[in-house]
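Read the structure below first, then the notes.
In the numbering used here, the protein residues as written are 136 to 795.
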């Protein structure tokens, strides 16, 4: 707002300079700088403006100077208090005429006009003052028995400086009196009001000629605009002369005619929808619920006493309306301007606030908007269905209106089918996807570094693909708004798939062989370690012990005989035992085969023991130990089912027969 005020000062300065220099004219001219109009009527503020050639007007505004001292202004087009009451009749060339309808007393203020060009910022012109006045009847008691009534305004009417007047007695026109003053007797118990001829529907409030008790009904509002489906209160008060006792009071919608007015309570169209909030003394307020279109009418209050009947005319005009949304234009291109206006068939109450909806969702902070919603610059995201509602009546939405936004293609993507590795000889399908309005009219496929296009359709199919088809592909989408390219998609074509399969099979076989070889070596090492443990021992005292044992060899089966090699197998093993005493012990055991008749070949084995509790010598001293024994085991030929286990021991005597 401060910027607006500063701009206005700058604008006035430019206008002054223009007047001095006489060139590069910046000028705003009001036909009348002072305007006086009746409350409830309309006024047209005639206005023209000029600017230097080469400039184009891009925006115009009318402002109300609420407080000139601080320079605070606001655009009346955007204020709820002016909703439905202001209309710009000018253009973006030279005319800046403004119309304000249903004038109210708080419309009295100083106004200014501003415009903006494509080169120059805002230019303002003020010095326009509008006064809104109401008619008022004042009574003067003269000498004698006469009372003078005067109809007046607070300012001279601009459109009718010397008007003719119409006087009304108890609501009935008195055509014989057309002057500004009206005379009556001081004993009169009637009420009087006046109007300017030609504007009879805009009367002054009724007053009693003498005192405060006369036939009179005062309506708080002369017209009411209410939403369909809502409730409305028609407020009023009434008085009657002393000595009269009200016998009947009721509301009706019929005009004064030959038929007697009908009480709305007895009308089936209003069944269960009427409530009287008044009393039998002075309050005559009526409430109508769940308003319908058919409820639009002029409502009057009737008072009946034993001495007479009274009807105040005019009554209250009730207009029932729904909320409508106007959109201009309904179809725009991206970057242009769109204006949405929430309207009704009548002017809603003061300070009406509107709620805006898009796709049935409330627009954030939409309560800050007036009856108009401006979209600038329009983007594709603004496209959708809009509606509006009056705050406090959010359940009474306007019908939806769709805003269409035209834009060139965007969000262009390329999909590949099938996904994964692409090999020679296979087929590949490229599809171009895009978002555009109107829809894309033409797709074109390109390969980078190749000037010519590949295909002119949304789908590009490559059959029997070859390695030379490898490269970077992209598509172009085009509609009437423009064209745009997708990002680059890289396609790499591999060799025949059979080559890859052979390599995979070879690798698998090699891995299997290595696994078997490692397993064999591990088991062999494990067996070797087990044998070494049994064959190696050291004696702490240097003595020898001898062990003879009988070895029974199981005769091989026929299958084993058939599979066993004919040659001998020699097995060497070192075995170490511990001694329990410090002396030599010789253990002998006969070696027997499974076949008893073949036991003439004796097999010997020598074992060396260490004394109990003596730690064995390191392996490095094993060669010096006389008790280290190397045993030779000859595996017999399997076909003879005989085996010889022959061990040679130095200094190891053969045991005598029957030693055990």
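Beta carbons are placed, not taken as given, at the ideal position from N, Cα and C, and that holds for glycine. Values in this document were obtained by computation on a predicted structure and should not be read as measured data.
- Within a 10 Å sphere around the beta-carbon of residue 354 sit 16 or more other beta-carbons, which makes this residue buried.
- Per DSSP, reduced to three states, the secondary structure at residue 578 is strand.
- Under DSSP, residue 386 forms a beta bridge with 436.
- Around residue 254, the same chain offers 190 as residues with beta carbons nearer than 6 angstroms, after the five sequence neighbours per side are excluded.
- The Cβ neighbour count for residue 596, taken over all protein chains shown within 10 Å, is under 16; the residue is labelled exposed.
- Residues 318, 320, 321 of the same chain have their beta carbon placed closer than 7 angstroms to that of residue 281, with the five preceding and five following residues left out of the count.
- Relative to residue 425, the option among 528, 356, 546 whose CA is nearest is 528.
- Annotated three-state conformation of residue 194 is strand, per DSSP.
- Exclusion of the five residues before and after residue 598 leaves 562 as the residues of its chain whose Cβ lies within less than 8 angstroms of its Cβ.
- For residue 483, the secondary structure class from DSSP, reduced to helix, strand or coil, is coil.
- Residue 238 places its beta carbon less than 7 angstroms from that of residue 172.
- By the 16-neighbour rule on beta-carbons within 10 angstroms, residue 574 is exposed.
- The three-state secondary structure of residue 545, taken from DSSP, is strand.
- Here the alpha carbons of residue 490 and residue 500 stand approximately 9 angstroms from one another.
- Of all C-beta pairs linking the stretch 292-308 to the stretch 327-342, three or more are shorter than 8 angstroms, placing the two stretches in contact.
- At a cut-off of 3 residues, the continuous stretches assigned as beta strand (DSSP E) that sit fully inside the stretch 257-342 are 258-268, 271-276, 281-287, 300-304, 307-309, 316-320, 326-331.
- The beta-carbon distance between residue 344 and residue 274, rounded to whole angstroms, is 6 angstroms. This is short enough to meet the 8 angstroms contact definition.
- By the C-beta criterion, the stretch 609-623 is judged not to be in contact with the stretch 530-537, since fewer than 3 inter-stretch pairs fall below 8 angstroms.
- At a Cβ-Cβ threshold of 7 angstroms, residue 592 and residue 213 do not count as neighbours.
- In terms of CA proximity to residue 559, 603 leads the group 271, 167, 603, 594.
- In this structure, the straight-line span from the alpha carbon of residue 566 to that of residue 608 is close to 11 angstroms.
- In this structure, DSSP gives residue 651 a helical state, which the three-state scheme calls helix.
- Under the three-state reduction of DSSP output, residue 646 falls in the helix class.
- Judged by pairs of C-beta atoms under 8 angstroms, the stretch 546-560 does not touch the stretch 516-525, as fewer than three such pairs exist.
- Here residue 605 carries a coil assignment [DSSP, helix/strand/coil].
- Remark: C-beta atoms of residue 348 and residue 384 do not approach each other more closely than 7 angstroms.
- Straight-line measurement puts the Cα of residue 334 at about 14 angstroms from the Cα of residue 271.
- In the three-state reduction of the DSSP assignment, residue 403 falls in the helix class.
- When secondary structure is reduced to three states using DSSP, residue 522 falls in the strand class.
- Here the C-alpha atom of residue 405 lies approximately 16 angstroms from the C-alpha atom of residue 436.
- Residue environment: residue 250 is assigned as buried (16 or more neighbouring CB atoms within 10 Å of its CB, all protein chains considered).
- Judged by DSSP in its simplified three-state form, residue 254 adopts coil rather than helix or strand.
- Using a Cβ distance threshold of 7 angstroms, residue 616 and residue 541 count as a contacting pair.
- The beta carbon of residue 487 is closer than 8 angstroms to those of 215, 218, 506, 525, 526 in its chain, skipping five residues each way along the sequence.
- Ranked by how close their Cα comes to the Cα of residue 464, the residues 656, 442, 492, 513 have 513 in first place.
- The DSSP-derived three-state label of residue 418 is strand.
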